[in-house]
Structure formats: structure tokens, C-alpha cells
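Residues in the sequence shown are numbered from 4 upward in steps of one, following the numbering used here.
Every residue, glycine too, gets a C-beta built ideally from N, C-alpha and C.
Keep in mind it's a predicted model, so treat the numbers as computed, not measured.
Scroll down for the structure; my scribbles are underneath it.
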Amino acid sequence: MLPYFTTSGHNLYAKSAWIYLNQMECLKEQNAEVAALFEGGYHVIRQTYQYWAGISSDLAIEQALMRSIKTTGGLTRERGMSESQTALWILSLPDCAEISMRKIAYVVKKRDTKDTMIFASFLEESNPFVEEEGMRNIETGVSATADVNADRAKDIGLSILKSMEVFDRKVTGPDMKDTMHLKRTKGIFGTKVSFTKTTPFRSKKELVFANNENKQNFIEMLSKNMHSNSIETKHASADADLLITKTAEESSISHLTILQGGDTDLLVLLLYYYNFRSMNLIFKPNHVKTTKSNIWT
């Protein structure tokens, strides 16, 4: 599905599915009990035990909860979305729940026969098995022009996936964080500068670090210098926020740790990964403000 997600423009679906699949591959090692339940079919939601009657949890949410929200009597039908109205609607769901009952066999057979005849008559009018070059709409008969590439959707999607990389510190090549890097540099692109730790600095810092290769070389040079002074450093192969958070959490187990940063994501990740067996772990924002900043412990 990943190639078709990217071809149709659903890049966020493709990225999320990629992350989800990587996490599910490690599920047996991280939580063997949940993995056994999934393999036993307990992730399927069903109202009856008939064959082909089970659906996934996301489909159940769409067909039950979201359907009731958007149909008659739902929140989007002039009821309002305020907190009190939402709470009243949710608490009244058990009393207003619909009771599903199996229809009489004769009615089901009659409806199925009618649907089958409608489908058969459509195929007689618009035969999809005619051998001809190119593509056409079997209902309207409209033929596709030469620039239509729907038949190459998989190949196009695979080429897009190959160009996707997730790196917080990069040298060259596009990745999924280009927008954030462009926002940080304010659209300024610097040229490559060759330098060492003894090179006199005669330029603006913003112009030098606007070039990703300059920034990477400086990080590696700074890391070597810190190692020579017995200061431990770590390099993130992907987004750095997760590595920073886990390093701070591991450090707080043995001694007091202060994490200083200006990204709200760091605080959110700290709250998620915090270990109550740890010693004091302090998050201190590094924004330059005229007012006092909150220090989270």
C-alpha cells in the first residue's frame, strides 16, 4: 500500500504506516503478550461470529462512532461541539445505542438477487473485458490521454519512497524535514566553507550554518573536541528529540539531570518516557525572554 499512498498524494499516511510497521516488527520482543493476542485474532471487532463478519478497529470507529456523529442526531447536525454538548452526547450513547438484529433469510436473499441482477446488467452494457490499447472508463467510455499514468502508480510510488529519508542532521539530498530546515534558516542558503578548529572566523554564523555540510562538519569537529575533554556526546541518526529525551531519562536514574531546550516536543517526550524511579529530572527552556520562564521538574 505504501507506493499507492505516495502516488495519490497521501504522504502522511505513507510515513505513519512505515513507522507503524517498524514498530510492529519489534512487538514480539517488546510486548510478547500483546503480540500473541494480535496473532490470535483479538484485534478484530465483530458483532457476530459469522465468516467475514469481522472488521478492524479503525473501520469500527468510522462505521459506528464517526457515523453516529455525522448522521441525524449527531454532533455535526446542529447540536454543537461545545464541551457540555459533547459530554451529554457521549454519556447518552449507551441508552440510545441501536440494536442490530439479523434479517429474515428470505429478505436477505431477495435483496442479494436484486443487487446481483443490477451488477450483471451493468456489465452487459459496459463490458470491461474488451481488448483494446490504452485505458477507458467502463461507465462513460471516456478514453485516457497519453499523459495519464495511473497504470504506473506502483512504480511512481516506489520512486517517491526511495527519495524519502528522515534525518535531523543531513549533508546533502532532500528529506522529510526540508520544510523545517527552510523555516529555521529563513530561506538563506550558504556556500560550503572549509575550516578547522584554528581557522579565524570572518563571516556571519547564520551564513555559515545555512549550509548543511558546514553544519555537519562543525558538529563532528565539536564532538571530537568534547571527547578529548572527557565529555560524552551522541549523534542522532534520525530526529534528535527522541535521543535527547531518552539520554536525559537514562542519566536521571543515577544523578540529577537538567535538560535545557526550546522545543515543546522535548517536554512532551519527557512526560511520556519519565521513569518514577529516577532522581530529579529538570526541563529548563532556553528561550530568551524578558519575563520569567517555567522550569518543569
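**OP:** Taking Val133 as the reference, give the member of Leu30, Gly144 and Ile48 with the closest Cα.
**Re:** Cα-wise, what sits closest to Val133 is Gly144.
Original post:
Do the region 34–53 and the region 195–208 meet, that is, are 3 or more Cβ pairs less than 8 Å apart?
Top reply: Cβ pair count under 8 Å is below three, so no.
**OP:** For the beta strand (DSSP E) containing Leu262, list its first residue and its last residue.
**Re:** Start and end: Thr260 to Gln263.
**OP:** Flag this pair as touching only if the region 155–169 and the region 8–17 have three or more C-beta atom pairs under 8 Å; answer yes or no.
**Re:** Contact between the region 155–169 and the region 8–17 is present, because at least three Cβ pairs lie under 8 Å.
Original post:
What's the C-alpha gap between Val174 and Lys237?
Top reply: Low local confidence applies: a pLDDT of 46 at Val174 is under 50, so the model's placement there is unreliable, and no value is given.
Original post:
Mapping DSSP to helix, strand and coil, what is Leu78?
Top reply: Secondary structure at Leu78: coil, using DSSP grouped into helix, strand and coil.
Original post:
Just checking my contact of Leu78 with Met84 at CB under 8 Å: how many whole Å lie between their CB atoms?
Top reply: Right, the Cβ-Cβ distance comes to about 6 Å (below 8 Å), so this counts as a contact.
Subject >> Assigned secondary structure, Ser231 (DSSP; H/G/I helix, E/B strand, else coil) >> reply: Correct three-state label for Ser231: helix.
Original post:
Going by the beta-carbon positions, is the gap between Met138 and Ala156 smaller than 9 Å?
Top reply: At the C-beta level, Met138 and Ala156 stay beyond 9 Å of one another.
Original post:
So what does Ile48 bridge to, in DSSP terms?
Top reply: Looking at the DSSP assignment, Ile48 forms a beta bridge with Ile58.
Original post:
Taking the alpha carbon of Ser146 as the point to measure from, which residue in Pro131, Gly57 and Ile159 has its own alpha carbon closest?
Top reply: Taking only the C-alpha atoms, the option nearest Ser146 is Pro131.
**OP:** Can you check DSSP and say which residues form a bridge with Ser197?
**Re:** DSSP lists no partner for Ser197.
Original post:
Taking one C-beta from the region 211–221 and one from the region 245–261 each time, how about it: are there three or more such pairs within less than 8 Å?
Top reply: Judged by Cβ distances under 8 Å, the region 211–221 makes no contact with the region 245–261, as fewer than three pairs qualify.
Original post:
How far does the alpha helix (DSSP H) with Leu68 in it reach, from first residue to last?
Top reply: Per DSSP, Leu68 belongs to no alpha helix (DSSP H) and is neither H nor E.
Original post:
Alpha carbon to alpha carbon, how far is Ser257 from Ser281?
Top reply: Rounded to whole angstroms, Ser257 to Ser281 spans 7 Å at the Cα level.
**OP:** If I'm right that Lys195 touches Asn214 with Cβ under 8 Å, what's the distance once you round it to whole angstroms?
**Re:** 6 Å between Cβ atoms; contact.
Subject >> Within the region 91–156, ranges of the alpha helix (DSSP H) (whole runs, at least 4 residues) >> reply: Listed in chain order, they are 96–99 and 108–128.
**OP:** Please classify Ala123: is it buried, with 16 or more other beta-carbons within 10 angstroms of its beta-carbon, or exposed?
**Re:** So Ala123 counts as exposed.
Original post:
What residues are listed by DSSP as bridge partners for Leu284?
Top reply: Note: Leu284 sits in a beta bridge opposite Thr260.
**OP:** State buried or exposed for Gly264, treating a residue as buried only when at least 16 other CB atoms are found within 10 Å of its CB.
**Re:** Classification for Gly264: buried.
**OP:** Taking only the alpha-carbon atoms, compute the straight-line gap between Phe41 and Lys31 and give it to the nearest angstrom.
**Re:** The alpha-carbon atoms of Phe41 and Lys31 are separated by roughly 10 Å.
Original post:
From this set, Met229, Ser233, Glu136 and Leu272, which residue's C-alpha is nearest Thr250's C-alpha?
Top reply: If we check each option's Cα against that of Thr250, Leu272 comes out closest.
Subject >> Glu36 versus Tyr45: straight-line alpha-carbon distance, rounded >> reply: Distance between the alpha carbons of Glu36 and Tyr45 is about 12 Å.
Original post:
Can you check whether the CB of Asp158 is closer than 9 Å to the CB of Pro6?
Top reply: Taking 9 Å as the cut-off, the Cβ atoms of Pro6 and Asp158 count as close.
Original post:
What's the call for Ala17, buried or exposed, on a 16-neighbour Cβ count within 10 Å?
Top reply: Its Cβ being crowded by 16 or more others within 10 Å, Ala17 is buried.
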